[in-house]
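Novice: In case it helps, the numbering used here puts the sequence shown at residues 63 to 270. Note that CB positions come from ideal geometry on N, CA and C, so glycine has one too. Remember, it's a predicted structure, so these values are computed and weren't measured experimentally.
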Amino acid sequence: MRVESQGVWDVAFGGPELARAFNRVATGRAAEVLVYRGPPGVAVGRGLEAVRLRRDDLTPLYEEPFVPRTHVGRRLGFAVPTGAVLEVVPGRPDWELEVVPVHALAGADGVFGGPGVRLVRAFTGSVRGRSSAVLYYGGPEASVEIACRGADGFGVVRLDGGLAPAGPLVPAPASRSGVTTVRLLPGTMLQVSGGTDTWTPTVERAGR
Numbered sequence: 063m064r065v066e067s068q069g070v071w072d073v074a075f076g077g078p079e080l081a082r083a084f085n086r087v088a089t090g091r092a093a094e095v096l097v098y099r100g101p102p103g104v105a106v107g108r109g110l111e112a113v114r115l116r117r118d119d120l121t122p123l124y125e126e127p128f129v130p131r132t133h134v135g136r137r138l139g140f141a142v143p144t145g146a147v148l149e150v151v152p153g154r155p156d157w158e159l160e161v162v163p164v165h166a167l168a169g170a171d172g173v174f175g176g177p178g179v180r181l182v183r184a185f186t187g188s189v190r191g192r193s194s195a196v197l198y199y200g201g202p203e204a205s206v207e208i209a210c211r212g213a214d215g216f217g218v219v220r221l222d223g224g225l226a227p228a229g230p231l232v233p234a235p236a237s238r239s240g241v242t243t244v245r246l247l248p249g250t251m252l253q254v255s256g257g258t259d260t261w262t263p264t265v266e267r268a269g270r
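1. In terms of DSSP beta bridges, what is residue 104 paired with?
2. Is the stretch 203-210 touching the stretch 148-160 in the sense that three or more CB pairs, one from each, lie closer than 8 Å?
3. I need the boundaries of the beta strand (DSSP E) containing residue 251, first residue and last residue.
4. Starting from residue 147, trace the beta strand (DSSP E) both ways and give me its first and last residue.
5. Measure how close the beta-carbons of residue 143 and residue 78 come, nearest whole angstrom, since I'm counting them as under 8 Å.
6. What's the gap between the Cα of residue 93 and the Cα of residue 209?
7. Quick one: measure Cβ to Cβ for residue 190 and residue 262, integer angstroms, because I've assumed they're closer than 8 Å.
8. Suppose the cutoff is 7 Å on Cβ atoms and the five residues either side in sequence are ignored; what does the same chain contact list for residue 156 look like?
9. What residue range does the beta strand (DSSP E) around residue 184 cover?
10. Report yes or no: do the stretch 113-121 and the stretch 144-154 share at least 3 C-beta pairs separated by less than 8 Å?
11. Provide the residue(s) that pair with residue 82 in DSSP beta bridges, ordered along the chain.
12. Compare the Cα-Cα distances from residue 88 to each of 244, 107, 194 and report the closest residue.
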């Protein structure tokens with residue numbers, strides 16, 4: 063660490079207790095570390111290049127390549143559990159981040175609700191996208207074929223009832239394109255980190 067100054071300066075080191083806490087909406091003009099105190103939800107924002115999520119001990123919540131990211135101006139869509147620490151990388155001077163709550167998630171019947179449901183993309187057959195998104199699989203137990211292509215990293219993570227990652231389903235292929243078949247149960251929530259890739263989950267053999 064190198065500091066050059068013409069006057070008095072100070073710097074503080076610490077954990078999440080030094081981060082600015084928010085419950086729903088945060089705004090800023092520069093890079094910042096935040097801690098989310100609201101209920102689990104889906105985040106959207108503007109003016110952001112990337113958001114890196116960490117646990118309260120500052121270890122990554124998503125390992126690479128599962129860092130939701132987007133190009134400036136494209137809406138983010140990623141799950142944020144309660145207590146997550148967010149490292150915000152702005153794409154322009156004024157940015158805004160909102161976490162819209164989702165509740166009663168991943169019950170026995172897969173029922174969930176809350177205002178954030180409108181930000182979750184439900185599918186039973188197929189769905190297509192090009193950036194980070196939260197998906198809900200509402201069909202029967204099935205083999206699902208997930209295809210991706212593009213220049214950026216790509217991954218799919220299964221989410222638990224608190225919208226925290228429960229394990230990778232599709233790691234980024236070395237070629238950054240390819241097709242992977244996974245088994246999904248009814249009511250499965252997924253986090254897709256797509257960057258500028260095109261991704262397409264398609265139910266291949268429903269019920270088998």
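Specialist: Reading off the structure:
1. If you number the sequence shown from 1, residue 104 lands on position 42. Note: residue 104 sits in a beta bridge opposite 141, 162.
2. no
3. Counting from one through the sequence shown, the residue named residue 251 turns up at place 189. Counted as a single uninterrupted DSSP element, the beta strand (DSSP E) harbouring residue 251 occupies residues 250-255.
4. Sequence index remark: in the sequence shown, residue 147 carries index 85 (1-based). That run of the beta strand (DSSP E) goes 147-152.
5. Mapped onto the sequence shown, residue 143 falls at position 81. Mapped onto the sequence shown, residue 78 falls at position 16. Going by Cβ atoms, the distance from residue 143 to residue 78 rounds to 14 Å, so no, they are not a contact pair.
6. Reading the sequence shown from its first residue, position 31 is the one you call residue 93. Reading the sequence shown from its first residue, position 147 is the one you call residue 209. Their backbone Cα atoms lie some 33 Å apart in a straight line.
7. As a position in the sequence shown, residue 190 is number 128, starting the count at 1. As a position in the sequence shown, residue 262 is number 200, starting the count at 1. Indeed they touch by this definition, with Cβ atoms about 5 Å apart.
8. The count along the sequence shown starts at 1 and reaches residue 156 at position 94. Same-chain partners within the cutoff: 91, 109.
9. Sequence index remark: in the sequence shown, residue 184 carries index 122 (1-based). That run of the beta strand (DSSP E) goes 182-185.
10. yes
11. Sequence index remark: in the sequence shown, residue 82 carries index 20 (1-based). Paired residues: 96.
12. In the sequence shown, counting from the first residue as 1, residue 88 sits at position 26. Ranking 244, 107, 194 by Cα distance to residue 88 puts 107 first.
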